[in-house]
Amino acid sequence: MDQIIIYKIILCVIVFAVTLGAAAYMTWGERKLASWLQDRVGPNRAGPFGLLQPIADGLKMLFKEEMIPTHSNKWLFILGPSFFMLTACMTGAVIPWGAGFTIDGTYFPMQIADINIGLLYLLGVISIGVYGIMIGGWSSNNKFALLGALRASSQMISYEVAMGLALIALVMLTGTLNLGEIVAQQDADYAYIVYQPLGFLIFLICAFAETNRAPFDLPESESELVGGFHTEYSSMKLGFFLFAEYINMFISSAVMASLYFGGYNFPFQHELGLEGNLLSAIQTAVFLGKILIFIFIFMWVRWTLPRFRYDQLMNLGWKVLLPLAIFNIFITGLVMYFTGKL
Amino acid sequence: MSLTNRSKVVAKKELTLMESLYLPAIFKGMAITLSHLFKRKATIKYPEQTREIAPVYRGQHVLKRDEAGAERCTACGLCAVACPAEAITMEAAERNKGEESLYREEKYAKIYEINMLRCIFCGLCEEACPKEAIFLTDRIVPSSFTRGEEVFGKSILVEDVNERVDVTKRQTPDVLSFKQDKKHAHNQTFQDRLKQ
Ligand code: SF4
Ligand code: SF4
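In structure tokens form, the structure reads like this:
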């Protein structure tokens, strides 16, 4: 029993470190990719290929002067970014990062918390995430920050609805809310993208909106709202906001990969003749690869599409995605009924 | 009436079903950006690579010396008059006995300053100079921390006796003959004009 607790703690630290490291290097990747898509070379001065850039950026953020506006509510002002960061890091707990290892007959799962309502937990934590933005934007006592926070909350709430409904169609198929089981089911069967293409598309669009990424980066929209909800933030508090966005992106990529693209499973994995721990290690690597592909898509879209107008955003969320998600549930139910799965 | 024949009539028509789906347009856009991923980068990594410059590039000025090493400038002030940016100032002085090897003409520029922050590198000073004394070269004006450092005096402008600055690219035979051609008003002296 002790052993498993120590193992869980170690796993927590590893997942935490990997998430933070990935987020740090995603900032580098984002800048590189952005510049490549714009025929530039991007950061290349700090270390080989600019690889030390995230470290330099982090140091810069840490050493910058910290300013808290006089008319702001100090505690809420500090709570905002902390909360946003906390919820961003919490989501990593239920993701199955691999099939698990067996050492000396003891089984070590690659999932921090194998809870049977993993999916619900995920949705719950994501919706709490908006509080960080709201508190931060509201307590700044600044028009732009408040507008950004308002936009963020209405945007996230609207898109959560469609996202939840897209997941309901998936849950109808899986019959479980346990993320580990959902991934394991895709080992025996096809990846769920085959059964849920529309659901995936809706989920993808909602994921863009939930992570406040372009074309849905209205809460931030630097060209109209200065910096949106983080206008008044400086130093590492600003860093937390920016950093948490990348963590969110990483986790949403992981969620999409596990829900719709088989998680750590890959085609013909059992025909390779590999067994046990080796196969597990490869599976984890494949999972990380899938996450990378999604992250690439996130960035690719950001540097292609212009930002939505606010009414367009709301129209898309309520008048297009929501009916589509309900339609998807309906179709899924019909097909399940007629193929006798129900 | 149109000036360029490039204007287009904009029609605000309803989107077709395919267009209102937006997805085809989005994929098209994404294909375009993806294709740029593999294109040649436009960046010149400056300190390591330098941009190729034209042979007649107009950069930092030089005040020339003649073959014997005497300064050619006679402080006539024509360059300062020609300068549209009013970047040039000078103070003239008379050549003393024994200074013949230093200054070519009886009058020379004691102080000659070009404010590089004002200069627009048009090259009109070079065109105006009757003594072939000032030329723009392909050297890039270095940056500095203060404005004062950007006012270049004779110590920077006059070329070194042992390290001549090559201006042959700007002083081609064509240019020389053009400068001597009396057909052009700017090459005529007052007497020339009187004769006509
Ligand atoms: S290049 Fe043009 S602006 Fe510069 S000093 Fe000569 S005449 Fe003046
Ligand atoms: S540089 Fe030429 S134009 Fe200018 S003062 Fe000297 S001789 Fe005259």
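Chains as they are written, first to last, in our numbering: chain A, 1 to 342; chain B, 1001 to 1196.
The beta carbon of each residue, even a glycine, is placed where N, CA and C say it ideally should be.
This one's a predicted model, so the numbers in the text were calculated from it and none came from an experiment.
Straight-line spacing of the CA atoms in B:Asp-1166 and B:Cys-1122 works out to 19 Å. Spatial neighbours of A:Thr-211 in its own chain (CB-CB distance under 8 Å, excluding positions within 5 residues in sequence) are listed in chain order as Glu-245, Asn-248, Met-249, Ser-252, Phe-298. Within chain B, the C-beta atoms nearer than 8 Å to that of A:Thr-304 come from Ile-1026, Gly-1029, Met-1030, Ile-1032, Thr-1033, in chain order.
Under the 8 Å criterion on CB atoms, B:Thr-1043 is classed as interfacial with respect to chain A. Shown here for B:Arg-1147: same chain residues with a beta carbon closer than 8 Å to its own, the five before and five after excluded, namely Leu-1117 in chain order. Annotated three-state conformation of A:Ile-103 is strand, per DSSP.
Residues of chain A whose Cβ lies closer than 8 Å to the Cβ of B:His-1036 are, in chain order, Trp-36, Leu-37, Gln-38, Asp-39.
Judged by DSSP secondary structure, B:Lys-1169 falls outside any beta strand (DSSP E); it is assigned neither H nor E. At least one heavy atom of ligand 1 falls within 7 Å of the beta-carbon of B:Ala-1085. In terms of Cβ geometry, B:Gly-1029 and A:Leu-37 do not form a close pair [threshold 8 Å].
Around the beta carbon of B:Met-1018, fewer than 16 other beta carbons lie within 10 angstroms, which makes this residue exposed.
Annotation: the continuous alpha helix (DSSP H) that includes B:Lys-1195 extends over 1190–1195. Here the alpha carbons of B:Arg-1051 and B:Gly-1153 stand approximately 27 Å from one another.
A:Phe-294 is positioned such that its CB atom lies closer than 8 Å to that of A:Met-256. By the CB criterion at 8 Å, A:Phe-144 and A:Val-226 fall inside the cutoff.
Listed in chain order, the non-local C-beta contacts of A:Trp-318 below 7 Å within the same chain comprise Ser-158, local neighbours out to five positions each way being set aside. Here the alpha carbons of A:Phe-203 and A:Val-335 stand approximately 20 Å from one another.
The C-beta separation of A:Phe-200 from A:Tyr-260 comes to about 5 Å, placing the pair in contact by the 8 Å criterion. Using beta-carbon distances, A:Trp-28 does not count as an interface residue toward chain B, since no partner is under 8 Å. Taking one beta carbon from each stretch, the stretch 1059–1068 of chain B and the stretch 1119–1139 of chain B have 3 or more pairs nearer than 8 Å; the two touch. For a Cβ distance threshold of 9 Å, residue set Met-1030, Thr-1033, Leu-1034, Leu-1037 of chain B lies close to A:Trp-300, ordered along the chain.
Here A:Ile-205 has Leu-321 as same chain residues with Cβ atoms under 7 Å from its own Cβ, once five neighbours each way along the sequence are excluded. The straight-line gap separating the alpha-carbon atoms of A:Asn-141 and A:Ser-72 is approximately 5 Å. Residue pairing from DSSP places B:Arg-1065 in a beta bridge opposite B:Glu-1071. Within the same chain, Ser-158 come within 7 Å of A:Met-314 by CB-CB distance, once the 5 residues on both sides are set aside.
Here A:Ala-254 is buried: its Cβ has 16 or more other Cβ atoms, across all protein chains shown, within 10 Å.
Here the stretch 270–280 of chain A makes no contact with the stretch 80–87 of chain A; the two share fewer than three CB pairs at distances below 8 Å.
Cβ-Cβ separation between B:Glu-1113 and B:Glu-1094: approximately 20 Å, too far for a contact (criterion under 8 Å). Bridge pairing for B:Leu-1136: B:His-1061 [DSSP].
A:Phe-327 and B:Leu-1021 have their alpha carbons spaced roughly 16 Å apart. Distance from the C-beta of B:Ile-1134 to the nearest heavy atom of ligand 2 is below 7 Å.
Residue pairing for B:Met-1090: DSSP places it in a beta bridge opposite B:Tyr-1112. Distance from the CA of B:Ile-1044 to the CA of B:Leu-1034, rounded to the nearest whole angstrom, comes to 22 Å. In the DSSP secondary-structure assignment, B:Val-1081 is not bridged to any residue. Of all alpha-carbon atoms in A:Trp-97, A:Pro-323, A:Phe-287, the one lying nearest the alpha-carbon of A:Gly-180 is that of A:Trp-97.
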